[in-house]
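Colleague: Provided herewith is a single structure, encoded as structure tokens, for subsequent inquiry.
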Amino acid sequence: MRTITLDSTFEEYESLEKLPEADQLLVEEAKKAADDAYAPYSHFHVGAAVLLDNGKVIRGNNQENAAYPSGLCAERVAFFATGAQHPGEKIKAIAITAYPEGKKLPSVPVSPCGDCRQVMAEYEQRYGQNIRLIMEAGQGKYIVSESVKNLLPFLFSADSML
Ligand code: THU
């Protein structure tokens, strides 16, 4: 037996203003997207903004449904919209923000669910380029990861099927 220890490094920023400017702009886009979320069941608004290598920004937000599992998370809405509307364009970064209705800030970090991690990881592999993740972390703070891989060790990929 041997023990495998994996290291993940994240950056924490004290406030929106402390983030690099490009990240701040992307977070602002994600916040706008969160306002337009369709979340009549959870009342939890999630917004995502994807930045492409060519500078374009694609927004996504959670889209819920009376048949609950038919709904989709903001991150996947943004990624699939990107894949559909900008095929072949590399993804540079994604900002993710969220708030419960009636509040404007989450009290705890908002990190992507497992399904969204899996989908984002595949885009990272597909384009052979790390995707920077900027996540709202509660109390006005932000956590940044240089890659989706940080959030999904031992990910399942096409290589797993060889
Ligand atoms: N949600 C997202 O949009 N992204 C996540 O990563 C986690 C959860 C949405 C799904 C649902 O509409 C609401 O948040 C409550 O789970």
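In my numbering, the protein residues as written are -8 to 153.
The beta-carbon is built from N, C-alpha and C at its ideal position, and this holds for glycine as well.
1) Counting pairs of Cβ atoms below 8 Å between the segment 95 to 104 and the segment 52 to 59, do you hit three or more?
2) Which same chain residues end up closer than 7 Å to Asp27 when comparing Cβ atoms and leaving out the 5 residues on each side of it in sequence?
3) Quick one, what's near the ligand THU if you take every residue whose CB is closer than 5 Å to any heavy atom, in chain order?
4) Ends of the alpha helix (DSSP H) at Gly105?
5) Please classify Pro78 as buried or exposed, where buried requires at least 16 neighbouring CB atoms within 10 angstroms.
6) In whole angstroms, give me the CA-to-CA distance for Met126 and Gln15.
7) Please work out which residues of its chain come closer than 7 Å, Cβ to Cβ, to Ala72, disregarding the five sequence neighbours upstream and downstream, and give them in chain order.
Modeller: Result, derived from the coordinates:
1) no
2) Asn52
3) Ser33, Phe35, Val37, Asn53, Glu55, Cys64, Ala65, Pro103, Cys104, Cys107
4) 105 to 118
5) exposed
6) 11 Å
7) Ile49, Gly51
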